[in-house]
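Q:
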Amino acid sequence: MSVTSLELQIEREKNVFTQFYTPAYQPKQPKKKEVINEVQQALRDFKHKYALNFACTSLLIWRKIGYLDFPKLKKSTSHPAYQIPPTDKVFAFYRVISEFSDKYLLTACHVNVHGYHRGDLRFIEINNRTVTRGIPEGEHCLGRLFIGDIVAVTGMARMKNFEEYTIFDITKDSDCTWMATNITVLPRSSKTDATFSLLKNGTAVVKEHSEVMNVDSPKPLKIEILYTGSAFLPEKMATNYCMDFQPDRKNELIYTSSKVHQYPNALGTIFKFEEAPELTKMFEIGTDAFLYSSASEILETCVLMGYAAANSITNGRFDSRSFPMENIDRKGPIVKFQIDNPPDNPTEGKWTINSRIRISGPTGECNAIIETVILQKNRLSITSRLSREVPNREKFKEGLFIVYQREAPESQILRTGFFEKVPSRSNGRKILEVLYGADPLENPKNQAIFQYFFPGKEGKLKLNYYQCEYVSMLLNPEIPIVVGSSPFGCGKSMTIVTAALEIYKNLEAMKKKDKKKNRQLLVTQSNYASVNLVDISGKIYLEDHQEEDNKLKFVRFVSEKNWKELPLECLTDYDLPLLMEQVFLDWATVGCADEPEGLEERHKSNMVLFLTKEKKVDPAKFNSQALRFHSQTQQDDPWRSTLLEAFFLLYNPDIIMTTADSLQTLLSSRVLKPEDVYTIQIDEASQVPEYTFISLLTQFPKATYGLIGDIQQLPPYCETGLDGKLKDYGIGNTMERCVEEELFPQAMLREVYRCHPKITGLLSDLFYKGKLISGVTEAMRSQFMEKRTDFWPGSKYPVLLVNNNESGYKMGTSCGNTSEKLIVQKLLDLLCKQHNGYELEPTQIGVISFYSAQTSVLTEALRGRQVKCGTVDAFQGTERDVIVLCCTNEKISEFMQMSNRINVAMSRAKQVTIIVGNLNGLKKASYWKEIVKKAQENGCVMEARSILNTSGPPAGRRQRNRRNNNENAAQKKFNFNESVQNRTIEKTPTVPLPEPPKPAAPKNDLTDLLNEMNLLKIAISNYKLQEQLQQQQS
């Protein structure tokens, strides 16, 4: 008995998804063939008409068959036969989502099977009556399937009286209407010899796999023990609907299908495993590996397990679902919208600040990046920044818009055997061996410290002794790595750039002999930090390197997609997309006398295609060579990897700057050959995960390394759920280990040029054992306090506490505070008020919160006021004249009492810090009580109500919206000269420096007096210099 056309027509009309498949449509093959396996291909090939046929057959034929007509089968010891079913049979694909002792529960892979109206087909079960292809007759498949298995159901039987109900009237806990009578299990992917270790939540981290797995075990396993076994890898469901839809109805289809709850993709399952005592012993030995004969195997086991753990935890936050956007509002580059936050699979915690998203609408797709996320009951309110390529005419008003996250491309840099590939006696090999137990590398005896200068256009700026020590050590070829401890505001960026410049000079001299090109890599932890390095590099002036062919060339590596999403303040003239366009234009229009070796035909055709496709130039302006390729090119789109190769061949940069996030893309691009990179300096190195550092060591083993950062500031970011040895070997804290265990030669920058001397002294005592020296005078950091006598207490102490007694409230897993928001808004009005001819610019103010939710609230409240807002973690590496620090909750939580986080929060201000928090709570908290005590002693505590009740007009529109480029440029110039360069301007040659007097002796009356005298001398010298700088600027 077959399904008639009339019955099919009835089912077709009832199915809510039919409208998107009428008339029938044959999907076009993609231009670039995607490599997918046979299971994914079968899921894509399943058509809407197959789903209708399956649903009709269930009513017409299978409804008449009871499950008791099928005998119970005995347990099998065999495995199913894995096969793709032929499309001439009636079938549908179902996925195993739950396992019970007597059955499996399955859900339809395609919502087309049940639409909204057939709730009975939403879930079905497999039990001991189900016949499985490949399992011997008379045997069932219970115990032979895994969560995530996909099966083709080719027959069903009714388990209860048939009733009509919708998919919204059933849950997976409801009794199933149908039992599958006949199934075929689709081919599986598996991993043999999988080495794994357990996390505390019971899931397993698997070596060389980037996602956690479940373990099929009747009893709990031990943590920090290594096991080996076999693993089942389930297929990932990219969509839950058939792919033969009408293309112009895609967003409506996604919206309609989003009403059907989609169960998350299953994790892999590990089975047939056993303890691995030898591997566990290696795991325990860890960083003492080179005390044992099997050192290389121990090192690789620990590194690869840690690497897998870090990647698995990070990837676990990715949300593959698509959501309809509601309440969309666009203003300029900012788009606000809302998405669902389902209680059974919430979006909160997965849709976070800096998540990269794609918006799909009637006119196409565009990219954006999330700036704020605020939880509002069962919805998330999201504010995102659009890519700059999105036209202003796109208002997101007409039609349906869908949003989903962009998955980061996987790039497995470290694999089994990586250590053996690192050449023996190379720098990378030496460093890896010391990190894992070999003898520490000591400073060479009689290390000379030379005087260095930064060659600015207005004169040479003198580095202090501690900066010169770092540069001198980095230039020493006998030292493979230098660890530079750099507390806040010690001129770290200037030191990095000066070191890179001196290395460049040496390399230029070497190149004259061997013609070899050597590059340098500067890695930062944020785009703001890389902008700072570029700004400083742009001020370099070398008299003997002004000819175009002889100039120092540097580039900031950032992908075009990411570049288009950066805010304007994070852009520079040396960004890769800008330089690439200019370099290609010059080649195609002007040409180059000597084309670099290695520039091939494919490079040239892709450059021409890029320029024409992006409409960068009229082809009529092409030179003869470019015209030839223009006429011959048949390719549709340029290959980005080929364009990158062409750029590096033509531009040939000396220094490459990049962020840690972009570093993996740069490494995977392979445009940098291992022998090309001479030096790598890592800024804010205390935040670099160990696997990132080890990736660099293996990629560029011949390079010299400079780690420069501060272990008293924030450590590498680590997702919750990762701890113990897996955290140590994956995320770790390489720089802290290097400093505390004295593994490598060290230098420490000690002169602080950012903060008010009283703040430097306070933080020096709290976190640095009194080792810091202020490089500025109080007069140089008291301008705001002296000019704003209407607002600031008379003591001239640079910390003010505003006591806010209102309690915070929960915002999901974070915290918010309404009163605090109002206080901050009022503070900004007061801070930007003009008084006695002095007016603080909004761009000179930063607002920091300890809580991400409150940061989102404050960011929205202050949007358009040109005030930088962020969490404490996001502010590391950033400074402002005035900082408003928000504690939000009256209870000072443990993470707010971390010395690293407090140190970062309190060291961002050049002039003053205003703390908004609960006085009683802060007085009881670690470190905070000392800060509060100092503020109270100096009369710098006020009640929040005195701020809220202060009269006076708020900042006017002129003040809030000012965008005077000349003033901004002048301010940047002043900050550059002032923040780290309060030194004498000289033109003396490089000479060895005498060692400075030892700071920070144990305190007593005599040493206090001597320290005061030294500070007075520095103050007088710096004050004179400040006058010189101001005269030059005027």
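The C-terminal residue of the sequence shown carries number 1034 in my numbering, and the numbering is unbroken. Backbone N, C-alpha and C fix where the C-beta goes; we use that ideal spot for every residue, glycine too. Since the model is a prediction, treat every value here as computed from it, not as a measurement.
Sort out for me which residues DSSP pairs Ile-183 with in a bridge.
A: The residue you call residue 183 lines up with position 183 of the sequence shown. DSSP lists Thr-132, Val-153 as partners of Ile-183.
Q: Ile-369 lies in the alpha helix (DSSP H); which residues open and close that run?
A: Locating residue 369 in the sequence shown gives position 369, where the first residue counts as 1. Not the alpha helix (DSSP H): Ile-369 falls in the beta strand (DSSP E), residues 364-376.
Q: Would the region 346-366 count as touching the region 376-391 if we require 3 or more Cβ pairs under 8 Å?
A: yes
Q: Have a look at Glu-778, Gln-834, Tyr-851 and flag the residue whose alpha-carbon is nearest the alpha-carbon of Ser-814.
A: Counting from 1 along the sequence shown, the entry for residue 814 is found at position 814. For Ser-814, the nearest C-alpha among the options comes from Tyr-851.
Q: Report all residues from its chain with a CB closer than 7 Å to the CB of Lys-1068; omit the five preceding and five following residues, and keep chain order.
A: Absent from the structure is residue 1068, since the part of the chain shown begins at 1 and ends at 1034.
Q: Specify whether the region 11-23 and the region 106-118 touch according to this definition: at least 3 beta carbon pairs, one from each stretch, less than 8 Å apart.
A: yes
Q: Which whole-angstrom value describes the C-beta separation of Leu-233 and Ser-189, a residue pair presumed to lie in contact below a C-beta threshold of 8 Å?
A: Along the sequence shown, read from residue 1 onward, the residue named residue 233 stands at position 233. Along the sequence shown, read from residue 1 onward, the residue named residue 189 stands at position 189. Sure, about 4 Å apart at Cβ, within 8 Å.
Q: Nearest CA to the CA of Glu-398: which residue from Thr-363, Ala-92, Gln-681, Gln-582?
A: By one-based count along the sequence shown, residue 398 stands at place 398. Comparing Cα positions, the closest option is Thr-363.
Q: Throw me the rounded Cβ distance for the Asp-683 and Lys-492 pair, which I believe falls under 8 Å.
A: As a first step, residue 683 is located in the sequence shown; it is residue number 683 there, counting from the start. As a first step, residue 492 is located in the sequence shown; it is residue number 492 there, counting from the start. About 7 Å separates the two Cβ atoms, so the contact holds.
Q: Since Phe-323 is in the alpha helix (DSSP H), which residue starts that stretch and which ends it?
A: Walking along the sequence shown from the start, residue 323 turns up at place 323. Run containing Phe-323: none in the alpha helix (DSSP H); it sits in the beta strand (DSSP E), 322-324.
Q: Leaving out five residues before and five after Gln-971 in sequence, what residues of the same chain have Cβ atoms less than 6 Å from its Cβ?
A: Here residue 971 refers to the residue found at position 971 of the sequence shown. Residue placement at Gln-971 is flagged as unreliable, the pLDDT there being 39, under the threshold of 50; the coordinate-derived value follows with that caveat. Excluding sequence neighbours, Gln-971 sits near nothing in its chain.
Q: What residues are listed by DSSP as bridge partners for Phe-767?
A: Along the sequence shown, one-based indexing puts residue 767 at 767. According to DSSP, Phe-767 bridges with nothing at all.
Q: Are the Cβ atoms of His-603 and Glu-645 separated by less than 8 Å?
A: As a first step, residue 603 must be located in the sequence shown, where it is residue number 603. As a first step, residue 645 must be located in the sequence shown, where it is residue number 645. Yes, they are a contact pair.
Q: Would you mind reading off the limits of the alpha helix (DSSP H) that contains Leu-304?
A: Position 304 of the sequence shown, counted from the first residue, corresponds to residue 304. Start and end: 295-315.
Q: Give every residue of the same chain whose Cβ lies closer than 6 Å to the Cβ of Glu-736, excluding the five residues on either side of it in the sequence, and list them in chain order.
A: Here residue 736 corresponds to residue number 736 of the sequence shown, with the count starting at 1. Result list for Glu-736: Ile-711, in chain order.
Q: Find out if the Cβ-Cβ distance for the pair Asn-817, Glu-943 is shorter than 8 Å.
A: Residue mapping note: residue 817 aligns to position 817 of the sequence shown, counting from 1. Residue mapping note: residue 943 aligns to position 943 of the sequence shown, counting from 1. Against a cut-off of 8 Å, the Cβ pair of Glu-943 and Asn-817 comes out as no contact.
Q: Go ahead and pull the three-state DSSP assignment for Val-932.
A: Within the sequence shown, residue 932 is the residue found at index 932, counting from 1. Three-state result, Val-932: helix.
Q: Beta carbon of Gly-706, beta carbon of Gln-681: below 8 Å?
A: As a working mapping, residue 706 is identified with position 706 in the sequence shown. As a working mapping, residue 681 is identified with position 681 in the sequence shown. In contact: Gly-706 and Gln-681 (Cβ atoms closer than 8 Å).
Q: Please say whether Leu-414 and Ile-694 have beta carbons closer to each other than 8 Å?
A: For the purposes of this step, residue 694 is taken as residue 694 along the sequence shown, with counting starting at 1. For the purposes of this step, residue 414 is taken as residue 414 along the sequence shown, with counting starting at 1. Yes; because the gap between Cβ atoms is below 8 Å, this pair is in contact.
Q: Just the Cα atoms here: how many angstroms apart are Lys-395 and Phe-337?
A: Sequence index remark: in the sequence shown, residue 395 carries index 395 (1-based). Sequence index remark: in the sequence shown, residue 337 carries index 337 (1-based). Roughly 12 Å separates the two Cα atoms.
Q: Check whether the Cβ atoms of Leu-801 and Leu-667 sit closer than 8 Å, and answer yes or no.
A: Translated into the one-based positions of the sequence shown, residue 801 becomes position 801. Translated into the one-based positions of the sequence shown, residue 667 becomes position 667. No, they are not a contact pair.
Q: Can you give me the start and stop residues for the beta strand (DSSP E) that Arg-788 sits inside?
A: For this step, residue 788 is matched to residue 788 along the sequence shown. Counting along the chain, Arg-788 falls outside any beta strand (DSSP E), and DSSP gives it neither H nor E.
Q: Could you check if Met-811 is buried or exposed, using at least 16 other CB atoms within 10 Å of its CB as the buried criterion?
A: Taking the first residue of the sequence shown as 1, we reach residue 811 at position 811. The residue is buried, with at least 16 neighbouring Cβ atoms inside 10 Å.
Q: Output the distance between the C-alpha atoms of Ser-530 and Phe-273, rounded to the nearest integer angstrom.
A: Your numbering for residue 530 matches position 530 in the sequence shown. Your numbering for residue 273 matches position 273 in the sequence shown. Near 47 Å, if we compare the C-alpha coordinates of Phe-273 and Ser-530.
Q: Measuring straight from C-alpha to C-alpha, what distance separates Leu-400 and Glu-365?
A: Residue 400 sits at position 400 when you count from the first residue of the sequence shown. Residue 365 sits at position 365 when you count from the first residue of the sequence shown. Distance between the alpha carbons of Leu-400 and Glu-365 is about 12 Å.
Q: Would Leu-299 and Phe-196 qualify as a contact pair, given that the criterion is a beta-carbon distance under 8 Å?
A: Along the sequence shown, read from residue 1 onward, the residue named residue 299 stands at position 299. Along the sequence shown, read from residue 1 onward, the residue named residue 196 stands at position 196. Against a cut-off of 8 Å, the Cβ pair of Phe-196 and Leu-299 comes out as no contact.
Q: Taking the CB atoms as reference points, tell me whether Gln-520 and Ile-655 lie closer together than 8 Å.
A: By one-based count along the sequence shown, residue 520 stands at place 520. By one-based count along the sequence shown, residue 655 stands at place 655. Yes, these two residues count as a Cβ contact at 8 Å.
Q: Does the beta-carbon of Gly-732 have 16 or more other beta-carbons within 10 angstroms, so that it is buried, or is it exposed?
A: Working through the sequence shown from its first residue, we reach residue 732 at position 732. The residue is buried, with at least 16 neighbouring Cβ atoms inside 10 Å.
Q: I need the DSSP call for Leu-291, collapsed to helix, strand or coil.
A: The count along the sequence shown starts at 1 and reaches residue 291 at position 291. Correct three-state label for Leu-291: helix.
Q: Within the 8 Å Cβ cut-off, does Ala-909 reach chain D?
A: No chain D appears in this structure, which consists of one protein chain only.
Q: Look up His-630 in the DSSP assignment and say whether it is helix, strand or coil.
A: In the sequence shown, residue 630 corresponds to position 630, counting from 1. Three-state DSSP puts His-630 in a helix.
Q: Quick check: what's the CA-CA separation for Gln-866 versus Leu-568?
A: Counted from its first residue, the sequence shown places residue 866 at position 866. Counted from its first residue, the sequence shown places residue 568 at position 568. Near 12 Å, if we compare the C-alpha coordinates of Leu-568 and Gln-866.
Q: For the pair the region 162-181 and the region 246-254, tell me if three or more CB-CB distances fall below 8 Å.
A: no
Q: Could you say which of Ala-55, Glu-275, Thr-950 lies nearest to Asn-15 if we only look at CA atoms?
A: Position 15 of the sequence shown, counted from the first residue, corresponds to residue 15. That would be Ala-55, whose Cα lies nearest to the Cα of Asn-15.
Q: Under the three-state reduction of DSSP, which class applies to Phe-100: helix, strand or coil?
A: Taking the sequence shown and counting its residues from 1, the one referred to as residue 100 is at position 100. The answer is coil: DSSP assigns Phe-100 none of H, G, I, E or B.
Q: Sort Gln-783, Tyr-67, Ser-662 by Cα distance to Met-159 and report the nearest one.
A: Along the sequence shown, read from residue 1 onward, the residue named residue 159 stands at position 159. Cα-wise, what sits closest to Met-159 is Tyr-67.
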